[in-house]
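Participant:
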Amino acid sequence: MNKKLSEIAIHLGGFVIGDADVVIQAVAGIEEAVEGDLTFVANPKYRPKIMTTGASAILVPPDITEAPKPLLVVDDPYVSLARVLAFLYPEKPPCSGISSEAFVADDATVAEGVTIYPGAYVGSSVRLERGVIIYPGVFVGNGAVIGEDSVLYQNVSVYRRCLIGKRVVLHAGVVVGSDGFGFADPGAANMKVPQIGIVQIDDDCEIGANTTIDRGTLGKTWIKAGVKIDNLVQIAHNVVIGENSVIVAQVGISGSTRIGKSVLLGGQAGLVGHINVGDGAMVAARSGIHKNIPPGTIVSGSPHMPHRQWLRMQATLTRLPDMRKSLLDLAGKIEEIEHTIENMKKR
Amino acid sequence: MNKKLSEIAIHLGGFVIGDADVVIQAVAGIEEAVEGDLTFVANPKYRPKIMTTGASAILVPPDITEAPKPLLVVDDPYVSLARVLAFLYPEKPPCSGISSEAFVADDATVAEGVTIYPGAYVGSSVRLERGVIIYPGVFVGNGAVIGEDSVLYQNVSVYRRCLIGKRVVLHAGVVVGSDGFGFADPGAANMKVPQIGIVQIDDDCEIGANTTIDRGTLGKTWIKAGVKIDNLVQIAHNVVIGENSVIVAQVGISGSTRIGKSVLLGGQAGLVGHINVGDGAMVAARSGIHKNIPPGTIVSGSPHMPHRQWLRMQATLTRLPDMRKSLLDLAGKIEEIEHTIENMKKR
Amino acid sequence: MNKKLSEIAIHLGGFVIGDADVVIQAVAGIEEAVEGDLTFVANPKYRPKIMTTGASAILVPPDITEAPKPLLVVDDPYVSLARVLAFLYPEKPPCSGISSEAFVADDATVAEGVTIYPGAYVGSSVRLERGVIIYPGVFVGNGAVIGEDSVLYQNVSVYRRCLIGKRVVLHAGVVVGSDGFGFADPGAANMKVPQIGIVQIDDDCEIGANTTIDRGTLGKTWIKAGVKIDNLVQIAHNVVIGENSVIVAQVGISGSTRIGKSVLLGGQAGLVGHINVGDGAMVAARSGIHKNIPPGTIVSGSPHMPHRQWLRMQATLTRLPDMRKSLLDLAGKIEEIEHTIENMKKR
């Protein structure tokens, strides 16, 4: 995959400072890179390493113009990293075909160019569209639909009637369409509320390993187009997640909560049910969200508050023991003053 | 499945206000419902939508008596929702039978009316009782027992010798009986303590997708009858959970902790090991539980405290920066007063 | 497996106080033990139960010398428990062999003494070393290597090219090598950064059920020798975990963070990306780690602080409402004093 740095620059729309003829053989992290590697600086933390990296060239933002190695200057090095990796390491699709060791129901509809590995299960009335890849151990329940070019990695579960869009990636162990957690009279009768809804995942979503998405009690749990969800996330029944939102690992979202578009939820955050998170809101990692969040706001803490208020509060929090000491000191002084005044009055 | 509203009222033991002859074809959420649908109001938040829903009839509690649509009045609309869904959408059991593409050990005991899908694995000396359903990719280890009418969804793991009761539902990816996390001299030798116990799950439990329940080091980890556990929950070795308790998603319970009956554990809560949580206790979402909780108490916070105390504390917490400012102001005033008094004395 | 207590004492290098000829048939917890059982006291909490246990003998630390039952005195009862269980309950390895109902690629290299159960999938160019056990539903991707005597329990996923060392145990549902969560321009374009790295797990690691370990974006995510990870843990791309570290359930570690040797991470802790945790550090359960932690330190809280400071802060925190009341009282008193002084001046 050898490419001259100049070729890569043309592909990315960037420009080179230094020797544009250097040959790039691979891409590597700034600490591990050796001769022949292209590396990158996205996180400012790693900037000093520009001086010491073993790489043959460095992908940098426009404000970096000097280094011991040739620089490839681009607007956003992380975006360019994505593009250069796709350019240098094109994915080899598996040869399509349907394994005779997979189970495919007689009435399933399987388009051309579909790959089904051994040990997969494709139920009755399922529709697999063109280019779908079904890895071993995948379960596709009766009546489910998997859209064009979607990839279901090993041991993914899609329960009955769920709808998966185009170019969706479900990583290993993802569960789509398990029953919502609905029990009437909880702690006593625990009467199960049948979960008759579905899950719908729209185009271009990616869902991380072992994440679980429950089906709607009624209607649907809905992951809209372009949403990216990390590993071990819990999405409860009837949650709706707006276009292009990003949800980091181990987040939990309770039933019927609606997340807007382009929302960022930090890792391990938890959201109660039946609330709205506005478009473009940002939720810090480990936040506990107990009520609506207006669009575009940044919140932190558990229970959450505006991020600036949280920063102020945290700054004071560590001084709390000192504050308590001051308070006791002041109370002592006031008592003394009161005593002095009492004596002065007597004079 | 068309039913008159009056038929449904008879089935639920409720009464109708308005046209009891309206025909119900489906059940839907209050915002999505259209003509022909029955909807419901359980969460008070959705009451105003009674005026605008497109539903043909509404399941309501006794204190709602007026609406533009026929009302079906019941004691607890959520309980009635459970019952009406079971009435209108009866589950079709899969046709029983044992797939020739499943692996079933020669000495496994499989009762009549058992369903085993392709790609399942049933080990040596396993006993599957009548009506059990084993989905694809399920693993039942040697010597395990699965009680009558239990359902193991796709890719469930039941390790060797574990005991599952009757009418238990294990959702996709549940792991029962993995080794407890026992290493002597942790951080140094990390010597593995063999985990020779089992997991026992009693009748009528339901366990959510990708939840993990470790086997006992000795003896057993024990989930008692009627317990309902949500997705991605971690239950460590030798934990005991009392009858009918309800555990919300992403909770973690450490080794040898005992949970009483009818306990409610909110989502993402964490409990240390070797403690007792009394019957009927309620633990708020995201709480961190570090010591015993008496029966019937409500706790919040991490580390936890009585819920009322937590509420008071939280109310003050956001005022902390102001308190610090007040404290500095008061200290200034006192200094000034002391100075004034000093001067007065001199006079 | 009947053994005299004296035989067990010799095996463990301990000594007996009382009847050394008593016959031990099994090992049980101190509350469940009956005649014929050996039990143990590791956690001080259970010491009083020495007086009432039904066991025939008790494994104790050196400071316990009196009890109604024979005592087997050892340096560390929990270490000895590990050893006595391995002594009394030796694991029976499954008879090796390769099931004809498994899929094994023609060009996979399978050493002698390997066990592959029905329903497993072993991809192209995979190498399985001697003594490896592959349970049903396991997926081993193209080019992966599994070292000697490693055990992959049911439904484990190892993506392409990942490297697993010797004597590694992966519990059910573990995912190794899923794509890291890398999207450029998050919330907007969400452009996928191809994840071309791998995961390397070194010798003697054990990974708990349904834990997920993402592959490196570039280079590798690296779990070094002797690391023990509990259930439902999230390890992001390019994380490095040092030798013998112990990570409790539901911890999440963000991308490129480096954990030292012999670090202990308590349950449900969360760590941001690109930080270093020094050798021997201890992180309390539920901590939120936002910056580097020096070697050997103990931290708590979210955001974290030194454990002693956290204890002081927590002690004050519950007094916060009282502090606020005191503050208002003092402000009132000062106002009164100021008024008095004003009057005194007028005189």
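Chains as they are written, first to last, in the working numbering: chain A, 1 to 347; chain B, 348 to 694; chain C, 695 to 1041. Just so you know, even glycine gets a beta-carbon here, dropped at the ideal spot from N, CA and C. Small disclaimer: the values here were computed from a predicted structure and weren't measured.
1. Show which residues of chain B have a CB atom less than 9 angstroms away from the CB atom of C:E729.
2. Can you give me the start and stop residues for the alpha helix (DSSP H) that A:K325 sits inside?
3. Out of A:T52, A:L81, A:T257, A:Y78, which has the shortest C-alpha to C-alpha gap to A:A67?
4. Give the C-beta separation of C:S948 and C:A930 to the nearest angstrom, bearing in mind that I take them to be a contact with Cβ-Cβ under 8 angstroms.
5. Quick one: residues in its chain with C-beta nearer than 6 angstroms to the C-beta of A:V114, no 5 flanking neighbours on either side, listed in chain order?
6. Could you check whether the Cβ of A:Y159 sits closer than 7 angstroms to any Cβ belonging to chain C?
7. Name the DSSP bridge partner or partners of A:V73?
8. Could you check whether the region 183-200 of chain A touches the region 338-345 of chain A, counting it as contact only if at least three pairs of C-beta atoms, one from each stretch, sit closer than 8 angstroms?
9. Does B:K416 get closer than 7 angstroms to chain A when you measure Cβ to Cβ?
10. Is the separation between the beta-carbon of A:S245 and that of A:V263 shorter than 7 angstroms?
11. When the Cβ atoms of the region 324-334 of chain A are set against those of the region 368-388 of chain B, are three or more pairs found closer than 8 angstroms?
12. Which residues in chain B have a C-beta closer than 9 angstroms to the C-beta of C:N938? List them in chain order.
13. Any beta carbon of chain B sitting closer than 7 angstroms to that of C:P812?
14. Below 8 angstroms between beta carbons is the criterion; list the residues of the region 269-281 of chain A that meet it against any residue of chain B, in chain order.
15. Could you name the residues that DSSP lists as bridge partners for A:E91?
16. So which residues on chain B does A:I337 lean against when the C-beta distance must stay under 8 angstroms?
17. Is the Cβ of C:R1018 closer than 7 angstroms to any Cβ of chain A?
18. For C:Q928 and chain B, any beta-carbon pair shorter than 7 angstroms?
19. Leaving aside the five residues before and after A:Q195 along the sequence, list all residues of the same chain whose C-beta is less than 8 angstroms from its C-beta, in chain order.
20. Name the DSSP bridge partner or partners of A:L81?
21. Which stretch, first to last residue, makes up the beta strand (DSSP E) that contains C:L732?
22. For a test of the three-state rule: what should DSSP assign to A:I275, helix, strand or coil?
23. Below 7 angstroms between beta carbons is the criterion; list the residues of the region 883-906 of chain C that meet it against any residue of chain A, in chain order.
24. So, helix, strand or coil for C:Q1003, using DSSP?
25. DSSP on C:E701, reduced to helix/strand/coil?
26. Quick check: the Cα distance between B:F486 and A:Y117, rounded to an integer number of angstroms?
27. Name the residue from B:E553, B:Q656, B:A402 whose alpha carbon lies nearest to the alpha carbon of B:Y500.
28. Indicate whether A:G165 and A:I201 have their beta-carbon atoms separated by less than 7 angstroms.
29. So which residues on chain C does B:L677 lean against when the C-beta distance must stay under 7 angstroms?
30. Please state whether DSSP places C:Q1008 in a helix, a strand or coil.
31. Where does B:V473 land, buried or exposed, given buried means 16+ other C-beta within 10 angstroms?
32. Kindly indicate the opening and closing residues of the beta strand (DSSP E) around B:Q547.
33. Looking at the structure shown, is C:I744 part of a helix, part of a strand, or coil, going by DSSP?
34. Whose Cβ in chain C lies nearer than 7 angstroms to the Cβ of A:R312?
35. Please report the distance separating the alpha-carbon of C:V887 from that of A:A26.
36. When burial is assigned at 16 or more other CB atoms within 10 Å of the CB, is B:V370 buried or exposed?
Facilitator: Reading from the atomic positions:
1. The premise fails here: C:E729 is roughly 16 angstroms from chain B at the closest Cβ pair, so nothing lies under 9 angstroms.
2. Here the alpha helix (DSSP H) through A:K325 covers 320-346.
3. A check of alpha carbon separations from A:A67 across A:T52, A:L81, A:T257, A:Y78 identifies A:T52 as the nearest.
4. About 5 angstroms; that satisfies the 8 angstroms criterion.
5. Answer for A:V114: L128, V132, listed in chain order.
6. No, A:Y159 does not count as interfacial toward chain C.
7. Answer is A:F15, A:V60, bridged to A:V73.
8. The region 183-200 of chain A makes no contact with the region 338-345 of chain A: fewer than 3 CB pairs, one atom from each, lie closer than 8 angstroms.
9. Any Cβ of chain A closer than 7 angstroms to the Cβ of B:K416 would place that residue at the interface, and such an atom is absent.
10. With contacts defined as CB atoms closer than 7 angstroms, A:S245 and A:V263 qualify as a contacting pair.
11. Touching, no.
12. By Cβ distance, chain B contributes P533, G534, A535, A536, N537.
13. For C:P812, the answer is yes, since a Cβ of chain B falls inside 7 angstroms of its Cβ.
14. Cβ contacts with chain B: G270, V272, H274.
15. Note: A:E91 sits in no beta bridge, so no partner.
16. Ordered by position in chain B, the residues that pass the 8 angstroms Cβ test against A:I337 are I681, I684, E685, I688.
17. So no, C:R1018 is outside the interface.
18. Answer no: the Cβ-Cβ gap between C:Q928 and chain B never drops below 7 angstroms.
19. Once the five neighbours on either side are set aside, the close Cβ partners of A:Q195 are D179, G180, G182, D214, R215, G216, T217, H237.
20. A:L81 pairs with nothing; no bridge assigned.
21. Taken as a continuous stretch (DSSP letters only), the beta strand (DSSP E) holding C:L732 covers 731-734.
22. Of the three classes helix, strand and coil, the one that applies to A:I275 here is coil, per DSSP.
23. Residues are counted here when their Cβ sits less than 7 angstroms from a Cβ of chain A; for the region 883-906 of chain C these are N884, M885, K886, V887, P888, I890, N904, T906, given in chain order.
24. C:Q1003 falls in the helix class under three-state DSSP.
25. Helix at C:E701.
26. Cα-Cα distance, rounded: 19 angstroms.
27. Looking at B:E553, B:Q656, B:A402, the one whose alpha-carbon comes closest to that of B:Y500 is B:E553.
28. In contact: A:G165 and A:I201 (Cβ atoms closer than 7 angstroms).
29. Residues of chain C whose Cβ lies closer than 7 angstroms to the Cβ of B:L677 are, in chain order, L1024, A1025, I1028.
30. Helix, per DSSP.
31. Buried: at least 16 other Cβ atoms inside 10 Å.
32. Segment 545-548, the beta strand (DSSP E) holding B:Q547.
33. It is helical.
34. Neighbours of A:R312 on chain C: none; closest Cβ ~14 angstroms, over 7 angstroms.
35. If you take the alpha carbons of C:V887 and A:A26, they lie about 15 angstroms apart.
36. By the 10 Å Cβ count, B:V370 comes out exposed.
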